[in-house]
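Engineer: Take a look at this one; I'll ask things after.
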Amino acid sequence: MAKTKLIEKIGYGFGDMSSSTFWKVFSYYLPIFYSNIFGLSLIDAGVLVLVTRIWDAVSDPMMGIIADRTNTKWGKYRPYLLWVAPFFSICGILLFTTPDWNYGAKLIWAYITYIMMMTVYTGINVPYGAMLGVMTDDTNEKTVFSSFRMFFAYGGSFLALFLWEPLTNRLGGYKSPEGWFWAMCVIATACFVMFILCFLLTKEHLKTVSTVSVGSDFKSLLSNKPWWLLIGAALCSNLFNTVRGATVAYFFLDIIGPDVQLTIFGLMFLFYSGLFLGIGEVANMAGVALCVPIAQKLGKKSTFILVNAALVVFSIAFFFVPCTSEGFWMMLILQVIISIFTGIMSPLIWSMYADVSDYAELKYNTASTGLIFSSASMAQKFGGAIGGAAVLWLLSGFGYITDAAQLEAGVVQPDSALMVLRWLMSFIPAMVAGLAILVVWFYPLTTKRVEEINAKLKKAREFDK
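Numbering of the sequence shown is given in this note's numbering, commencing with residue 13 and proceeding in unit increments.
Here is the structure:
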């Protein structure tokens, strides 16, 4: 098959630019929105983000099965970008809407809007991810597509995170529900446009047909060893990112402080959570650019293990950085280094999912690309949910204060809460990265094995020239 056009790679990137923009705002700011803006208790907010994942265990594979059996003039998976995009944006806006109701009614509203958002996210993100399996049959091209995807994703995330606090302040105030609502309206509109561009600029080249029953698809999936190991690795990756990301807003509020300024080349700038996260997204983009040459040289499995080993070391180092002017610079440097490594890992995982899909097609004679990529979405959401809930519950368990009246009266956070914030930025993510190494150590799809699989599949597939 001839190499795909550059415009298709750019178009594919727009899809995750939209999806990741929403996801990063949800992962990093939704916990503090629920606890400090919307008004939920830390315990209730933690239960909310975790319990709603039960529905994802059903909706994600269901969407994968539906997408695998969709046939239109636009392909199997691409049409969902067009069909679901409006609902994606609307549900995002509703999620950040704070009704003036009593606590019980607001809690119900939070459950409804969160489940709606995650369902719609599944409806568009599962088919989008599965497109990678039908846009090219070349394993290196898949890594290139994944790199474009993640480069654009981190670009969108950078803009959203860097601009989130200025947008909320401009449109009603960072501590005001109106500010969060209108900021999300701006983000949601941009995300809608990006998904439409993704639909217009991409094309499905590889035609696959599912010839087995849904039950057979599930049976083959559950007996797929590489899939189980990759699910574990992806869960650890998302857990690592979410624990650190969801902690940052609290970390800057209570440990760094609201008015810290840094100087570079004689210019003063505010050191705030959006800047810290935004710089991380730019560093992620550098990591994405490094992914293809490193993975081609070392292989995907070895690259994954080495990246996580580095994350263990640099995450632990973060704990020992003091809260001084020099220390703040060191925190920023460590954020750049850690984010470069997580940037390498992100396209790697998506490319490995495509390899697992090819493995399943050859071994089980089933074109279950959508089902396999639905598990990627499920791992992403479960990792985010477990990470977000862990942050909220640990803060609650160590006495973190969210009551605005107490804080305005001068009550300070207890030392136990400040210590757990430091652990959430260092030792806890390091342990998660260590677990990821252990899981991937047993992953069997080496570069040689994947090349053998692709050679055998080429004889059985049909291509749209």
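Ideal placement from N, C-alpha and C gives every residue a C-beta, glycine not left out.
Keep in mind the model is a prediction, meaning the values are calculated, not measured.
Compare the Cα-Cα distances from PHE264 to each of LEU274, THR16, TYR284 and GLN273 and report the closest residue.
Structural biologist: Of LEU274, THR16, TYR284 and GLN273, the residue nearest in Cα terms is TYR284.
Engineer: Have a look at GLY116 and ASP150 and give me their C-alpha separation to the nearest angstrom.
Structural biologist: The alpha-carbon atoms of GLY116 and ASP150 are separated by roughly 53 Å.
Engineer: DSSP puts LEU274 in a beta bridge; with which residues?
Structural biologist: For LEU274, which the question treats as bridged, DSSP gives the partners PHE281.
Engineer: I'd like to know if the stretch 390–399 and the stretch 78–98 are in contact, where contact means that at least 3 CB-CB pairs between them fall below 8 Å.
Structural biologist: Result no; under three Cβ-Cβ pairs closer than 8 Å.
Engineer: Does DSSP classify GLY87 as helix, strand or coil?
Structural biologist: The answer is strand: DSSP assigns GLY87 an E or B state.
Engineer: Are the stretch 434–441 and the stretch 451–469 in contact at 8 Å, needing three or more beta carbon pairs?
Structural biologist: Short answer: they don't touch.
Engineer: Grab the span of the alpha helix (DSSP H) containing LEU457 for me, first residue to last.
Structural biologist: From DSSP, LEU457 is part of no alpha helix (DSSP H); its letter is neither H nor E.
Engineer: Since I believe ILE398 is in contact with LEU251 (beta carbons under 8 Å), could you give me their beta-carbon distance rounded to a whole number of angstroms?
Structural biologist: Between ILE398 and LEU251 the Cβ distance is about 6 Å, and since that is below 8 Å, they are a contact.
Engineer: How far does the alpha helix (DSSP H) with GLN347 in it reach, from first residue to last?
Structural biologist: Segment 337–376, the alpha helix (DSSP H) holding GLN347.
Engineer: Using the Cβ count rule (16 or more neighbours within 10 Å means buried), how would you classify GLU464?
Structural biologist: GLU464 is exposed by the Cβ-count criterion.
Engineer: Measuring CA to CA, which of ASN253, GLY168, TRP362 and PHE193 is closest to THR180?
Structural biologist: Of the candidates ASN253, GLY168, TRP362 and PHE193, the one whose C-alpha sits nearest the C-alpha of THR180 is PHE193.
Engineer: For LEU54, tell me which candidate among THR64, PRO43 and VAL63 has the shortest Cα-Cα distance.
Structural biologist: The residue with the shortest Cα to Cα distance from LEU54 is PRO43.
Engineer: Anyone know if the C-beta pair for PHE100 and GLY145 falls short of 9 Å?
Structural biologist: No, the Cβ-Cβ distance between PHE100 and GLY145 is not below 9 Å.
Engineer: At which residues does the alpha helix (DSSP H) containing PHE326 begin and terminate?
Structural biologist: Residues 312–331.
Engineer: Given PHE163, which residues of its chain have a CB within under 6 Å of its CB, disregarding the five upstream and five downstream residues?
Structural biologist: MET297 and VAL300, listed in sequence order.
Engineer: Assess contact between the stretch 231–250 and the stretch 444–457, defined as three or more Cβ pairs (one per stretch) separated by less than 8 Å. Is contact present?
Structural biologist: Counting Cβ pairs under 8 Å, three or more are found: they touch.
Engineer: Determine contact between the stretch 33–52 and the stretch 169–178, defined as no fewer than three beta-carbon pairs at a distance below 8 Å.
Structural biologist: The stretch 33–52 is in contact with the stretch 169–178.
Engineer: Is the separation between the beta-carbon of THR478 and that of LEU302 shorter than 9 Å?
Structural biologist: Any question about residue 478 goes unanswered here, given that the chain covers just 13 to 477.
Engineer: Give a yes or no on whether the C-beta atoms belonging to SER159 and VAL294 are separated by under 9 Å.
Structural biologist: No, the Cβ-Cβ distance between SER159 and VAL294 is not below 9 Å.
Engineer: Would you call CYS335 buried or exposed, if buried means 16 or more other Cβ atoms sit within 10 Å of its Cβ?
Structural biologist: Label assigned to CYS335: exposed.
Engineer: Here's the rule I'm using: 16 or more other beta-carbon atoms within 10 Å means buried, otherwise exposed. How should ASP112 be labelled?
Structural biologist: Per the 10 Å Cβ criterion, exposed.
Engineer: Under three-state DSSP, which class holds LEU183?
Structural biologist: Note: LEU183 maps to coil in three-state DSSP.
Engineer: If you draw a straight line from the alpha carbon of LEU436 to that of LYS17, how long is it in whole angstroms?
Structural biologist: So the two alpha carbons sit approximately 43 Å from each other.
Engineer: Using three-state DSSP, classify LEU218 as helix, strand or coil.
Structural biologist: Of the three classes helix, strand and coil, the one that applies to LEU218 here is strand, per DSSP.
Engineer: So the candidates are LYS470, ALA97, GLY395 and MET147; which of them puts its Cα closest to the Cα of ALA445?
Structural biologist: With distances taken between Cα atoms, ALA445 lies closest to GLY395.
Engineer: Considering only the beta carbon of each residue, do LEU383 and PRO73 sit closer than 9 Å?
Structural biologist: For LEU383 and PRO73, yes; Cβs fall inside 9 Å.
Engineer: To the nearest angstrom, report how far apart ASN114 and LEU52 are at their CA atoms.
Structural biologist: Rounded to the nearest angstrom, the two C-alpha atoms are 11 Å apart.
Engineer: To which residues of the same chain is LEU287 closer than 8 Å at the C-beta, ignoring the five residues directly before and after it?
Structural biologist: Excluding residues within five positions, the ones whose Cβ falls inside 8 Å are PHE174 and PHE281.
Engineer: Which residues in the same chain have their Cβ closer than 6 Å to the Cβ of VAL432, if we skip the five residues on either side of it in sequence?
Structural biologist: Contacts found: LEU406 and PHE410.
Engineer: With distances taken between CB atoms, is the gap from ILE352 to THR315 smaller than 9 Å?
Structural biologist: No; because the gap between Cβ atoms is not below 9 Å, this pair is not in contact.
Engineer: Measuring straight from C-alpha to C-alpha, what distance separates GLY104 and MET129?
Structural biologist: In a straight line, the C-alpha of GLY104 is about 6 Å away from that of MET129.
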